[in-house]
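J.:
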Amino acid sequence: MENEFQEYLQKVSKQALKGFTTREFEVRACNAESLTYFQYLATVIIGSSENKILLTVHFWEDDASVLTIDPRKILEKSVKLDIFKEYLNIFSSRIKNAASQAGLDVGISLPFTVPGYQSCFVINPKVYKTTYCWELIRNKSRIGFGCSLVLNDPKLLKRMVEYQDIRSQDNELEIL
Amino acid sequence: MSIIPNELIALYELFNSFEAAALFSDDLIEELPLICMLSNRSGKVIRINRFAEEFFYRKKNETVGQPIISVMSEQARREFIDFFKRIEDGDREHFYYVEQAEDQYINWKGLVLDGPDSDTPIVVILGDDVTETVSLKSSVYSARTVQKALLPKGFDVPGVNMRWVYESAEATGGDWFDYKYDPVSKRLLVCICDVNGHGTAAAMVTGCVSGLFHGVMNSLVTNISDDQELLNAFATNLNGSIYQILERANRLLTMAALSINVETGEGAYVSCGHPRVISFGKGHAKPLLNRNSPIGVSPDIEFKSIALNVLPGNSLFLYTDGLIENRDRMGRSLTSRELLDSLKKNESEELKYNWLRQYAKGLECIPPHNDDTCLIILTKQATEED
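Chains A and F supply the protein sequences, listed in that same order.
Note that my numbering has the first sequence beginning at 1, numbered continuously upward.
Note that my numbering has the second sequence beginning at 177, numbered continuously upward.
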């Protein structure tokens, strides 16, 4: 089941990118340590008091250019960070919808950006026993992903994967 | 128009504050004017700042994720390997290492910081380019060597004994003394001076005084036989020669000079704003009264010396104000009265010298509060006839 859930996450992360770019990205699994070596990370928590899904997107600010049609328009650092936060918003809302459909009553936090090396604190192995990590790669651009879980219901992952209504939201967002 | 709950607005603001604080701490690392690298405990770089990029000629994305030792010089590599080995073994001691590469000195410091989760310590490596400081220190210590050369190395004049203590507040000091003996006229000339302030700037002025003392005295001692006239002429010459330098450097200097016939003990003494010379022996001590303006106050001052007579077995005590102004380790300073009383004791001159030497060496000569300390004891030896 774990592999299927990993594939599901990778698929959703790729689909969420389509609101930003038509460029194709290669998916590659990685380990949690490699997520430490990004410049920033944006994070969102989907959860309730008993269940938590921590989603993180790890990136280098210069890679914001691959998520935009015209990279010349985003020169400011804050704008670059906002692009990834916006991307995480879309990615996490899809996961949240799937979790809700699977019967999990959860809320979603605001996205939050911190320096990338702090991922060792954000993805705390003492809290999150399971973490799925992967990267989307295009040439030299890399975007890292982490999904850490604290779930009471072990069958939830299966239900989320079975929820096939991963709607294409390509036309929902037009930025820049 | 939808209404956003106040709790949500407050939460949003809180998130913004946390994010700003986290990113600000990152900006601090980025702008820190030191080579700054963060690594995990296995020694892989997780953050490198702008100065480190410039130092290693490597971009952030080329360095992050790489072992720190891969960017270090061959010389520093071994030290860092040992440091990370110690971290793996649970050691949390700080790491210090000065790397010397050609003409460059880098002061490396390593700290292990335990984060909120103690399983994930972060290692902070800071590198400070101290090349300029090292060069400056080297220059100051060269100046110290030169200044030491301005002070007498030994004393060998028949009939008198001279002992001294010199303690500078910094590597170099603003106190200076020297003597000159003219075997023809049997006259011993002693000069002690104190340039206000301390450190290299004051030491440079003492260099001028030293040159003038030897140059001016050489010509005067052969032409003027009267001790008082000799000292008056010396003080006037010194003031005239050095006034402009002192004025431009915004400094003053106090000076005391003696001229004594080593056979008869007769001579003269001039004080230019300097602490009084004390004449002392077993059971008695008396400050000699002579008051003139310090050197460098005005270009045309007339100095007036007084006559003195040092009896066999008696001594003269010359010192700079650091001796009574500096505080010892207990925070106390020696008063003029205590100094006089200690010289008045019914003890040998040697015992008094040893006590004063111990006291002067024990003074905490730490700038900026403390001054240089210098003292001289000049004793006319008693002969069998005496």
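Beta carbons are placed, not taken as given, at the ideal position from N, Cα and C, and that holds for glycine.
Run through the DSSP bridge pairs and tell me what F:Pro463 is partnered with.
T.: As a first step, residue 463 of chain F must be located in the second sequence, where it is residue number 287. Partner(s): F:Ile454.
J.: Kindly indicate if chain A contains any beta-carbon less than 8 Å away from that of F:Gly498.
T.: By 1-based counting over the second sequence, the position of residue 498 of chain F is 322. For F:Gly498, the answer is no, since every Cβ of chain A falls outside 8 Å of its Cβ.
J.: Under a three-way DSSP split, which group does F:Ser447 fall into?
T.: Position 271 of the second sequence, counting from 1, holds the residue named residue 447 of chain F. Note: F:Ser447 maps to strand in three-state DSSP.
J.: Are any of the Cβ atoms in chain F nearer than 8 Å to that of A:Gln101?
T.: Counting from one through the first sequence, the residue named residue 101 of chain A turns up at place 101. It does not: the Cβ of A:Gln101 has no partner Cβ on chain F nearer than 8 Å.
J.: Kindly list the residues whose CB is nearer than 6 Å to the CB of F:Gly563, restricted to its own chain and excluding five residues on each side of it in sequence; keep chain order.
T.: Because chain F here runs from 177 to 562, residue 563 of chain F falls outside it and cannot be looked at.
J.: Which residues in the same chain as A:Thr131 place their Cβ atom closer than 8 Å to its Cβ, once the five residues preceding and following it in sequence are excluded?
T.: The residue labelled residue 131 of chain A in the question sits at position 131 within the first sequence. Ala32, Ile123, Pro125, Gly146, Cys147, Ser148 and Leu149, listed in sequence order.
J.: List the residues that DSSP assigns as beta-bridge partners of A:Val150.
T.: For this step, residue 150 of chain A is matched to residue 150 along the first sequence. Looking at the DSSP assignment, A:Val150 forms a beta bridge with A:Lys52.
J.: Three or more beta-carbon pairs under 8 Å between the stretch 294-306 of chain F and the stretch 317-336 of chain F, yes or no?
T.: The stretch 294-306 of chain F vs the stretch 317-336 of chain F: no contact.
J.: With 16 other CB atoms within 10 Å as the buried threshold, where does F:Thr549 fall?
T.: Numbered from its first residue, the second sequence carries residue 549 of chain F at position 373. Per the 10 Å Cβ criterion, buried.
J.: Where does F:Ala197 fall in DSSP's three states?
T.: Walking along the second sequence from the start, residue 197 of chain F turns up at place 21. Of the three classes helix, strand and coil, the one that applies to F:Ala197 here is helix, per DSSP.
J.: Look at the alpha carbon of A:Ala64 and the alpha carbon of F:Val240, and state the distance between them as a whole number of angstroms.
T.: For the purposes of this step, residue 64 of chain A is identified with residue 64 of the first sequence, where counting begins at 1. For the purposes of this step, residue 240 of chain F is identified with residue 64 of the second sequence, where counting begins at 1. C-alpha separation (whole angstroms): 18 Å.
J.: Does at least one heavy atom of the ligand SAH sit under 7 Å from the Cβ of F:Asp497?
T.: Summarising the ligand content, the structure contains no ligands, and the ligand SAH is consequently not present.
J.: Of the choices A:Ile108, A:Glu86 and A:Ile83, whose alpha-carbon is the least far from that of A:Ile95?
T.: On the first sequence, residue 95 of chain A is found 95 positions in, with the first residue counted as 1. Per the Cα distances, A:Ile108.
J.: Give me the chain A residues within the contact set of F:Lys236, using Cβ-Cβ distance strictly less than 9 Å, ordered along the chain.
T.: By 1-based counting over the second sequence, the position of residue 236 of chain F is 60. Going along chain A in sequence order, the residues near F:Lys236 (Cβ under 9 Å) are Gln39 and Trp60.
J.: What number of angstroms, rounded off, separates the C-alpha of F:Tyr357 from the C-alpha of F:Glu308?
T.: Translated into positions along the second sequence, residue 357 of chain F becomes position 181. Translated into positions along the second sequence, residue 308 of chain F becomes position 132. So the alpha carbons of these two residues sit roughly 43 Å apart.
J.: Whole angstroms are fine: how far does the CA of A:Asn51 sit from the CA of F:Leu214?
T.: For the purposes of this step, residue 214 of chain F is taken as residue 38 along the second sequence, with counting starting at 1. For the purposes of this step, residue 51 of chain A is taken as residue 51 along the first sequence, with counting starting at 1. If you take the alpha carbons of F:Leu214 and A:Asn51, they lie about 33 Å apart.
J.: The alpha helix (DSSP H) spanning F:Glu501 covers which residue range?
T.: For this step, residue 501 of chain F is matched to residue 325 along the second sequence. Gly498 to Glu501 is the span of the alpha helix (DSSP H), which, as asked, contains F:Glu501.
J.: When the cut-off is 8 Å and only beta carbons count, does F:Leu199 lie next to chain A?
T.: Position 23 of the second sequence, counting from 1, holds the residue named residue 199 of chain F. With 8 Å as the cut-off, F:Leu199 counts as an interface residue toward chain A.
J.: Three-state secondary structure (DSSP) at F:Ala345?
T.: On the second sequence, position 169 is the one that residue 345 of chain F refers to. In this structure, F:Ala345 counts as coil in the three-state DSSP scheme.
J.: Tell me which residues share the same chain as A:Glu24 and place their Cβ nearer than 8 Å to its Cβ, disregarding the 5 neighbours each side in the sequence.
T.: Along the first sequence, read from residue 1 onward, the residue named residue 24 of chain A stands at position 24. Closer than 8 Å at the Cβ level, and outside the excluded window around A:Glu24, lie Arg138.
J.: Would you give the residue range spanned by the beta strand (DSSP E) that A:Tyr132 belongs to?
T.: Here the question's residue 132 of chain A lines up with position 132 in the first sequence. Element bounds for A:Tyr132: Thr130 to Arg138.
J.: Can you name the start and end residues of the beta strand (DSSP E) that F:Gln557 belongs to?
T.: One-based indexing of the second sequence puts residue 557 of chain F at position 381. Neither: F:Gln557 is in no beta strand (DSSP E) and is coded neither H nor E.
J.: What do you get for A:Val12, buried or exposed, if any count of 16 or more other CB atoms within 10 angstroms of its CB means buried?
T.: Position 12 of the first sequence, counted from the start, is the residue given in the question as residue 12 of chain A. Counting Cβ neighbours within 10 Å, A:Val12 comes out buried, since at least 16 surround it.
J.: In chain order, what are the residue ranges of uninterrupted beta strand (DSSP E) at least 3 long that sit wholly in the stretch 254-278 of chain F?
T.: The stretch 254-278 of chain F contains these whole beta strand (DSSP E) runs: 271-277.
J.: Can you give the Cα-Cα distance for F:Ile246 and F:Arg508, rounded to whole angstroms?
T.: In the second sequence, the residue the question calls residue 246 of chain F occupies position 70. In the second sequence, the residue the question calls residue 508 of chain F occupies position 332. The sequence given here has Ser at residue 246 of chain F, not Ile. Computed Cα separation, rounded: 55 Å.
J.: Near F:Ile142, which residues of its chain fall below 8 Å by C-beta distance, leaving aside the five closest residues on each side in sequence?
T.: Given that chain F is displayed from residue 177 to residue 562, the structure contains no residue 142 of chain F and the question cannot be resolved.
J.: Since I believe A:Phe84 is in contact with A:Ala16 (beta carbons under 8 Å), could you give me their beta-carbon distance rounded to a whole number of angstroms?
T.: As a position in the first sequence, residue 16 of chain A is number 16, starting the count at 1. As a position in the first sequence, residue 84 of chain A is number 84, starting the count at 1. Not a contact, Cβ separation roughly 11 Å.
J.: For a cutoff of 8 Å on Cβ pairs, would you count A:Tyr117 as touching chain F?
T.: What you label residue 117 of chain A is simply residue 117 of the first sequence in a count that begins at 1. Yes, because at least one Cβ of chain F sits closer than 8 Å to the Cβ of A:Tyr117.
J.: Can you pull the chain A residues whose beta carbon is under 8 Å from the beta carbon of F:Glu195, in chain order?
T.: Position 19 of the second sequence, counted from the start, is the residue given in the question as residue 195 of chain F. Going along chain A in sequence order, the residues near F:Glu195 (Cβ under 8 Å) are Phe112, Thr113 and Val114.
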